[in-house]
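Below: the structure, in structure tokens.
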Amino acid sequence: MSVVTKEDLLAEARPSVNPVDANAAEALLAEGAVVLDVREPAEFDMGHLPGAVNVPRGVLEFRVGDHPALKDADASILLYCKNGGRSTLAAHTLKRMGFDKVQMLVGGFDGWAGDVHKVEVDPNVYQ
Numbered sequence: 327m328s329v330v331t332k333e334d335l336l337a338e339a340r341p342s343v344n345p346v347d348a349n350a351a352e353a354l355l356a357e358g359a360v361v362l363d364v365r366e367p368a369e370f371d372m373g374h375l376p377g378a379v380n381v382p383r384g385v386l387e388f389r390v391g392d393h394p395a396l397k398d399a400d401a402s403i404l405l406y407c408k409n410g411g412r413s414t415l416a417a418h419t420l421k422r423m424g425f426d427k428v429q430m431l432v433g434g435f436d437g438w439a440g441d442v443h444k445v446e447v448d449p450n451v452y453q
């Protein structure tokens with residue numbers, strides 16, 4: 327039995343992913359796309375894209391259909407994580423589960439926060 331690496335999984339997922347840069351992502355936000363942050367809750371609390379909802383990658387499949395952001399397979403969804411790995415796998419998974427309008431932010435939150443784009447921080451988090 328051969329071992330499958332994370333690089334193998336990412337290479338398998340990439341062809342089904344629709345990558346967008348930060349400017350295109352900002353346009354998706356303006357159009358009302360669902361913004362899905364697939365990082366862990368502690369990462370989300372430290373800062374996230376405006377209007378984003380947090381559904382960690384590890385529970386994504388289990389939340390499809392019961393989370394308000396994942397009830398409509400026809401919704402336009404913008405996914406991101408820290409720098410693109412988890413969101414690539416998440417986008418691939420959502421496509422396999424019937425979501426066709428899934429886009430992934432290239433460079434993830436690191437790329438977004440590094441540019442001049444708005445970031446929201448939970449007011450209960452001390453910085």
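Anchor point for the sequence shown: position 127 equals 453 in my numbering, and the numbering is continuous, going up by one each time. Note that the Cβ used here is the ideal one computed from N, Cα and C, for glycine as well.
Inter-residue CB distance, residue i and residue j (contact presumed, cutoff 8 angstroms)
i, j, result
"valine 385", "alanine 395", "Contact doesn't hold; Cβ gap of about 13 angstroms is too wide."
"arginine 389", "arginine 412", "So it is not a contact: roughly 14 angstroms between Cβ atoms."
"phenylalanine 425", "arginine 365", "Their Cβ separation, rounded to whole angstroms, is 19 angstroms, which puts phenylalanine 425 and arginine 365 out of contact at 8 angstroms."
C-beta atoms of residue i and residue j nearer than 8 angstroms
i, j, result
"glycine 373", "valine 445", "yes"
"alanine 339", "leucine 415", "yes"
"leucine 362", "valine 381", "yes"
"valine 360", "alanine 399", "no"
Which listed residue (the options) has its alpha carbon closest to that of residue i
i, options, result
"aspartate 371", "Glu338, Lys408, Asn344, Ala348", "Lys408"
"leucine 404", "Asp392, Ala356, Gly391", "Ala356"
"tryptophan 438", "Met423, Thr331, Leu375", "Leu375"
"glutamate 369", "Ala416, Thr414, Tyr406", "Tyr406"
"glycine 410", "Pro367, Met327, Gly433", "Gly433"
"leucine 431", "Arg422, Ala417, Met423, Lys421", "Ala417"
"valine 428", "Gly377, Pro345, Pro367, Thr331", "Pro345"
"glutamate 387", "Ala351, Lys421, Val360, Ala401", "Lys421"
"glycine 377", "Ala351, Met423, Lys397", "Ala351"
Those residues which DSSP pairs with residue i across a bridge
i, result
"methionine 430", "Pro345, Leu405"
"aspartate 363", "Asn380, Tyr406"
Exposed unless 16 or more other CB atoms sit within 10 angstroms - verdict on residue i
i, result
"threonine 419", "buried"
"glutamate 333", "exposed"
"alanine 353", "exposed"
"serine 328", "exposed"
"valine 447", "exposed"
Residue i at chain D interface by Cβ criterion, 8 angstroms
i, result
"proline 367", "Protein chain content of the structure displayed is limited to a single chain, and chain D is not contained in it."
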